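Data block below; observations after.
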DNA sequence: TAGATGACTATACGATCGTATCTTTTTATG
DNA sequence: CATAAAAAGATACGATCGTATAGTCATCTA
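Right, here's the structure in full:
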């Protein structure tokens, strides 16, 4: 009979219509982020969510719809979790010290390691034009780019970042941080060191901040 | 009857055993880089190479073998093409000027835009552990990482790059450069500007070098 | 209590996938 | 020209894919 523990009639109310529905969404986000759109099947997602394949197709009529909803779910999770990482580095409280940039970068990197889904989902669709990419651009990326640029410009106004082209700087910083997470499985195998660890992250951020605040050793003897 | 124009008996010699074989390899590299391993099928590759599906399976017995050989092919192309981009920036001819770092970065970025296959193939397999990733690590990435680190250290010895952790700096530079290529389709849609253009690349490299050589605007008034 | 609604399940269809086997054509060599 | 090997093509198989449809069961409402 198995255990019928988490029965929970839910009386149809709650936030999400069904508890199993959001469990499927979470599993779908994991599988999509890991295997990509083409490599993902209803069967795999159903297995990961421990439900029948028919149920997946019942809640989300098509694979495309399921993908869209799981993307929405991931971005929502991101927007809920990210502020908690950034609140201790608030840029607009007048406390201008350079240490804040280090903390900002570190928190973003740590967040990316803790929630790799949205980065992986982004890269899964980024490299190749497709209707899905167009949808993501209109739905999320335009907004994300604008927000990122605003953060950079705010930091620049407070002399926390060098006053170069904000969009370029956003790309360079995003690249330097996100790249580390995306090639982490490679780095781990090549270097024999887990990139997702306090000391590795601290060292990496330290190097990055050292560059951002003017590389001393090259400016010193020139 | 169609056109039997490119008949070319090849007399079996040439470099590759068959001319159609390498045509399949090139097509396979394209499709694998674009769609990933799971999203790629024999049929798609055959169609891209304008041959029958059976022929693909004849030359490369399995999908895994075809993938491996196409990876080898791409890395070989890369190693043949890359020196032509770097030769005009040779680091070890005693000509130590800072302009050389800019040229080095620019050439690497330009090369990546011209030959996006190897970057995309890398990212296709990088984010998720798999037997294919293990194989790539042992076959290519360990060597690539070592070479990259050596280049960084050489530049550091000549005071062309700040003397921070070489592996971290390699990751930061790789990330900043490769990220741009990987999210180019996104950037193009969001910014309405093609990242693969002289002026965009120049501007981006300029910003990057500005950081590498000590951000002036922040060090100036501190 | 009868009916309607929503959550969930079972099953089947057509297409495509990777692979295996077989036949035909082309090429090289005696 | 004869013959063997290699290249190229044709076909079929089991499996899995996305999707469609019909059915079961519990809950809610009139």
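Residue numbers (UniProt numbering), protein chains in the order written: chain C, 1 to 222; chain Z, 1 to 222.
For each residue, glycine too, the CB sits at the ideal point set by N, CA and C.
This one's a predicted model, so the numbers in the text were calculated from it and none came from an experiment.
Next on the checklist: Within the continuous alpha helix (DSSP H) that includes residue 131/Z, where are the two ends?
Outcome noted: 131 to 136
Next on the checklist: If contacts are defined as beta-carbon pairs under 8 angstroms, then residue 59/Z and residue 21/Z qualify, I think. What distance do you get, rounded to the angstrom?
Outcome noted: 5 angstroms
Item to check | Contacts of residue 175/Z in chain C (Cβ-Cβ under 8 angstroms) | outcome: 175, 176, 177, 178, 179, 180
Next on the checklist: List, in chain order, every chain Z residue whose beta-carbon is nearer than 8 angstroms to that of residue 99/C.
Outcome noted: Going along chain Z, no residue has its Cβ under 8 angstroms from residue 99/C, so there is no contact; the nearest lies around 14 angstroms.
Item to check | Where the UniProt domain "HTH tetR-type" (18 to 78) of chain Z meets chain C: residues whose CB sits under 9 angstroms from a CB there | outcome: 33, 34, 35, 36, 37, 38, 39, 40
Checklist entry - Is the beta carbon of residue 86/Z sitting closer than 8 angstroms to the one on residue 107/Z? => result yes
Next on the checklist: Please list the terminal residues of the continuous alpha helix (DSSP H) segment that includes residue 189/C.
Outcome noted: 184 to 191
Item to check | Segment limits, alpha helix (DSSP H) that includes residue 61/Z | outcome: Segment: none, residue 61/Z is in no alpha helix (DSSP H) and carries neither H nor E.
Item to check | Where residue 52/C sits in the DSSP three-state scheme | outcome: coil
Item to check | Through-space distance from residue 179/Z to residue 205/C, alpha-carbon basis | outcome: 18 angstroms
Item to check | chain Z residues whose Cβ lies nearer than 9 angstroms to that of residue 165/C | outcome: 203, 204, 206, 207
Checklist entry - For residue 136/C, which of 186/Z, 129/Z, 149/Z, 82/Z has the nearest alpha-carbon? => result 186/Z
Checklist entry - Shorter than 8 angstroms from the beta carbon of residue 211/C to some beta carbon of chain Z? => result yes
Item to check | Own chain partners of residue 55/C with C-beta closer than 8 angstroms, once the 5 adjacent residues on each side are dropped | outcome: 20, 24, 46
Next on the checklist: Just verifying my parser: in three-state terms, what is the DSSP assignment at residue 159/Z?
Outcome noted: coil
Checklist entry - Would you say residue 171/C faces chain Z, with C-beta separation under 8 angstroms as the test? => result yes
Checklist entry - What do you reckon, are the CB atoms on residue 82/Z and residue 201/Z nearer than 8 angstroms? => result no
Checklist entry - Distance, Cα to Cα, residue 69/Z vs residue 43/Z? => result 17 angstroms
Checklist entry - Does any residue of chain C bring its CB to less than 8 angstroms from the CB of residue 128/Z? => result yes
Item to check | Option in 160/Z, 159/Z, 128/Z with minimal Cα separation from residue 189/C | outcome: 128/Z
Next on the checklist: What would DSSP say about residue 36/Z, mapped onto helix, strand or coil?
Outcome noted: coil
Checklist entry - residue 257/Z CB to nearest chain C CB: under 8 angstroms? => result No answer is possible for residue 257/Z: it lies beyond the span of chain Z, which begins at 1 and ends at 222.
Next on the checklist: Under 8 angstroms, Cβ to Cβ, is there at least one residue of chain C near residue 189/Z?
Outcome noted: yes
Checklist entry - Any idea if residue 34/C is buried or exposed, counting beta-carbon neighbours within 10 angstroms, 16 or more meaning buried? => result buried
Checklist entry - From this set, 105/C, 174/C, 133/C, which residue's C-alpha is nearest residue 203/C's C-alpha? => result 105/C
Item to check | residue 114/C - containing alpha helix (DSSP H), residue span | outcome: 99 to 114
Checklist entry - residue 162/C CB to nearest chain Z CB: under 8 angstroms? => result yes
Item to check | Segment limits, alpha helix (DSSP H) that includes residue 165/Z | outcome: No alpha helix (DSSP H) contains residue 165/Z, which DSSP labels as neither H nor E.
Checklist entry - Taking just the CA atoms, how far does residue 97/C sit from residue 40/C? => result 46 angstroms
Next on the checklist: Need the endpoints of the alpha helix (DSSP H) that residue 203/C sits in, please.
Outcome noted: 198 to 212
Next on the checklist: I'd like to know if the stretch 64 to 80 of chain Z and the stretch 132 to 152 of chain Z are in contact, where contact means that at least 3 CB-CB pairs between them fall below 8 angstroms.
Outcome noted: yes
Item to check | Exposed unless 16 or more other CB atoms sit within 10 angstroms - verdict on residue 162/C | outcome: buried
Checklist entry - So which residues of chain C does residue 134/Z contact, with C-beta pairs closer than 9 angstroms? => result 189
Next on the checklist: How far does the alpha helix (DSSP H) with residue 123/C in it extend, from its first residue to its last?
Outcome noted: 117 to 126
Next on the checklist: By the 9 angstroms beta-carbon criterion, what residues does the stretch 100 to 124 of chain C contribute toward chain Z?
Outcome noted: 116, 119, 120, 122, 123, 124
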